[in-house]
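Note that UniProt numbering has the sequence shown beginning at 1, numbered continuously upward.
Yeah, the Cβ is synthetic: ideal placement off N, Cα and C, and Gly gets one too.
Computed from a prediction, not measured in an experiment: that's the story for all the values here.
Only one structure is covered here, and it is reproduced in the block below.
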Amino acid sequence: MPKIVFVPADGLGSTTAENRKLIRSHCMLGKNKKKYKGKKAPRDHGTVVRQQPRTGASVPHAASAAEIPGDLLGLLGPLHERASPRYSQSSGTTPEVQTPAATEDTFSPLSPLSPFSSPSPPIGIPSVFTFLTFAREIDNRSQDLLFKYFFIARQVFYPIQFCVYSDTSLYTWFEWLFYDAAYLESVLLGMSAMDDFFRRARPSKLTYSHMRATITALNERLSDPDLYLSDSTIAVVMGLAELSGMLADETAAKAHVSGFQRLVRLRGGITSFAGNTKLQIKIGRFDLAYAVSTGKSPQFFRDPISWSPIFEPLSPISYGSSPNLEDADDQSSSSSSSSSPSPSPTRLSPALDFLHEPRIIAVFHDLLQFTLLLNTSSSDPSHHIPLLRDTEYQNYICSIQYRLLRLQGKLGSILDESARLAMLAFLTTTFQVAGQRAPYPHLERRFREFCRATDAEAPSEVTLWLLIVGAMAVFHIDGEDAGWMAELWRAHIPAGWDWAEAHKRLREFPWIAVLHDQAGRAAFEALCRKAQDFDGDMGRLR
Numbered sequence: 001m002p003k004i005v006f007v008p009a010d011g012l013g014s015t016t017a018e019n020r021k022l023i024r025s026h027c028m029l030g031k032n033k034k035k036y037k038g039k040k041a042p043r044d045h046g047t048v049v050r051q052q053p054r055t056g057a058s059v060p061h062a063a064s065a066a067e068i069p070g071d072l073l074g075l076l077g078p079l080h081e082r083a084s085p086r087y088s089q090s091s092g093t094t095p096e097v098q099t100p101a102a103t104e105d106t107f108s109p110l111s112p113l114s115p116f117s118s119p120s121p122p123i124g125i126p127s128v129f130t131f132l133t134f135a136r137e138i139d140n141r142s143q144d145l146l147f148k149y150f151f152i153a154r155q156v157f158y159p160i161q162f163c164v165y166s167d168t169s170l171y172t173w174f175e176w177l178f179y180d181a182a183y184l185e186s187v188l189l190g191m192s193a194m195d196d197f198f199r200r201a202r203p204s205k206l207t208y209s210h211m212r213a214t215i216t217a218l219n220e221r222l223s224d225p226d227l228y229l230s231d232s233t234i235a236v237v238m239g240l241a242e243l244s245g246m247l248a249d250e251t252a253a254k255a256h257v258s259g260f261q262r263l264v265r266l267r268g269g270i271t272s273f274a275g276n277t278k279l280q281i282k283i284g285r286f287d288l289a290y291a292v293s294t295g296k297s298p299q300f301f302r303d304p305i306s307w308s309p310i311f312e313p314l315s316p317i318s319y320g321s322s323p324n325l326e327d328a329d330d331q332s333s334s335s336s337s338s339s340s341p342s343p344s345p346t347r348l349s350p351a352l353d354f355l356h357e358p359r360i361i362a363v364f365h366d367l368l369q370f371t372l373l374l375n376t377s378s379s380d381p382s383h384h385i386p387l388l389r390d391t392e393y394q395n396y397i398c399s400i401q402y403r404l405l406r407l408q409g410k411l412g413s414i415l416d417e418s419a420r421l422a423m424l425a426f427l428t429t430t431f432q433v434a435g436q437r438a439p440y441p442h443l444e445r446r447f448r449e450f451c452r453a454t455d456a457e458a459p460s461e462v463t464l465w466l467l468i469v470g471a472m473a474v475f476h477i478d479g480e481d482a483g484w485m486a487e488l489w490r491a492h493i494p495a496g497w498d499w500a501e502a503h504k505r506l507r508e509f510p511w512i513a514v515l516h517d518q519a520g521r522a523a524f525e526a527l528c529r530k531a532q533d534f535d536g537d538m539g540r541l542r
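Here it is as structure tokens:
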């Protein structure tokens, strides 16, 4: 029998009876075989689970369960309730689901037009799952959730995926579903929770059922010397931390985050996940979110870094006469987070003229070129430019974000620091889940402070970019930030600018069309209205 067979399907994904029989025969290869003569061995996924990762990465393991750090099991816990020393299997209270109010001016994934709002897949499609052997048997409801995971979730959760091509590491995540019960349960948990979220409902009984199953399976892995530091185990803990944050459950989130940080440090930091690019990207996002939320140093990457630009500059003006780019704290000229120069940088932004410090100029230039690369590769197939590989994406993002974080407290110019904070805020928009932003208290406070201190003579397009990025990432146009944002907008942005003009100028700055065009337009129109209201209020006072 050939190893690979292509099976035709109709528009609904259904196949003929003959082809279903062929699929079944391939799925059953190696199954129902006796391991020993005269005795039927029970089905056991353990031998598969304990295989070394396909990535070739070396994963530390304990010689026995006694060597597993005891605080790991006590640090982690589910929603609102933590039991020691293991995960609790029940939750004392039901957390409130924090969902944004939908308005006419902002896109909401809760809209009926949202692809995730479809209650179930087309008839006939889930039947394909009956031919697959997952880590445990799944019922019809689980098939529905897996359908959304495979065919809907990635596009809804992370639109940046449209700009990035995932390599073989994506297959590894798919493979975990078939031998890691904890990961399978965590996927079902995540999809069930997102169903609740999009329905503006409290966590359902189904969600809590998957929570308990996830915790039970995860406890088994955390107790296994060979598995507690595996990629899939760490991915499950990270998923629980993200879910707790989405549900605004601070107690559970802190416990999960603490355990996740401990596991990653035991593995050796972010660089130890080079064999699984998708997981490395997620860990980098987690590190950035932690740093901009707390103002503390990142947890997973503290190696020396290079301040040289990733992309070759097109003009010697920006770099040719600059002082030494090496920071006193970082003398190394190479870094695992740096990437080789791109072969196709396109242009320098005139916005670079407002920056002063050579290192922030270099990072701004790199982020601009990086976003141009994403826009070009995803905007028009006629360009024949391939999507950016996830390994390249990780290299660029990692280099940019850790240089920005390393510059904290080292910039003397208000505009330089404003740009640094704006770029950090910009990066957080690349991993908003389903368009919903998370709170970053430290970044919000500092960015607000420096925006309000912006020089009155700052170029209009600079102020435009700062305010729009802030509105998309951390500021509250309809809340506490309405007054000062409207005042700054009125002072800097010409009244004659419409969205077309503003959009043209924003594209001279870091901007990712698939992520920011719709949200940016909503922010622009909201700020225009606030500025008009501000003018009206001032007129009445006079």
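Which residue's Cα is closest to the Cα of residue i: the options?
i	options	result
F174	F300, F150, M194	F150
V469	A456, R359, L443	L443
R136	A213, T172, P298, I361	A213
L352	D533, K296, W465	W465
P510	H256, F129, R267, L424	L424
D139	F198, G259, H210	H210
I360	N395, L415, C398	L415
L288	A491, V514, Y402	Y402
G245	F311, R445, I400, Y440	Y440
K296	S377, A193, L411, L405	L405
Q436	E417, A500, A473	A473
A495	S460, D231, E508	S460
S377	I512, S192, R141	I512
N375	L279, V514, K205	V514
A248	K410, G479, F197, R448	F197
Y290	L177, S192, Y171, Q261	Q261
S399	H365, S223, K410, G409	H365
Classify residue i as helix, strand or coil using the three-state DSSP reduction.
i	result
L388	strand
Q408	coil
Q299	coil
Q143	helix
Q432	coil
S223	coil
P358	helix
T99	Confidence at T99 is low in this model, with a pLDDT of 38, below 50, so its placement is unreliable and no value can be given for it.
Y228	coil
W497	coil
G190	helix
Y183	helix
V48	For V48, the predicted model reports a pLDDT of 30, less than 50, meaning its position is unreliable; a value from the coordinates is still stated below. In this structure, V48 counts as helix in the three-state DSSP scheme.
F311	coil
L206	helix
E525	helix
S90	Model confidence at S90 stands at a pLDDT of 35, short of 50, so the residue's coordinates are unreliable and nothing is read from them.
L374	helix
Y173	First, the amino acid is wrong: residue 173 is Trp here, not Tyr. In this structure, W173 counts as helix in the three-state DSSP scheme.
S293	helix
Q532	helix
L132	coil
P439	coil
D353	helix
D455	coil
E449	helix
A217	helix
In the DSSP output, which residue or residues are listed as bridge partners for residue i?
i	result
V164	L388
Between residue i and chain B, is any beta-carbon pair separated by less than 8 Å?
i	result
I234	Reference to chain B is not applicable here, since this structure consists of a single protein chain.
- Task: Identify every run of the alpha helix (DSSP H) within the region 457-490, keeping only runs that are complete inside it and at least 4 residues long; order them along the chain.
- Result: 460-473
- Message: Quick check: the region 248-261 against the region 360-373, are at least 3 beta-carbon pairs closer than 8 Å?
- Response: no
- Start-end ranges of the alpha helix (DSSP H) lying completely within the region 233-268, minimum 4 residues: 250-267
- Does the region 427-434 come close enough to the region 505-525 that 3 or more CB-CB pairs lie under 8 Å? yes
- Query: Should the region 283-293 be regarded as contacting the region 173-190, the criterion being three or more beta carbon pairs within less than 8 Å?
  - Reply: no
- Message: Does the region 389-399 come into contact with the region 521-533, if we say contact requires no fewer than three beta-carbon pairs (one atom in each stretch) closer than 8 Å?
- Response: no
- Is it true that the region 183-198 meets the region 233-252, where meeting means three or more beta-carbon pairs spaced less than 8 Å apart? yes
- Query: Should the region 446-453 be called in touch with the region 303-311, which here means at least 3 C-beta pairs below 8 Å?
  - Reply: no
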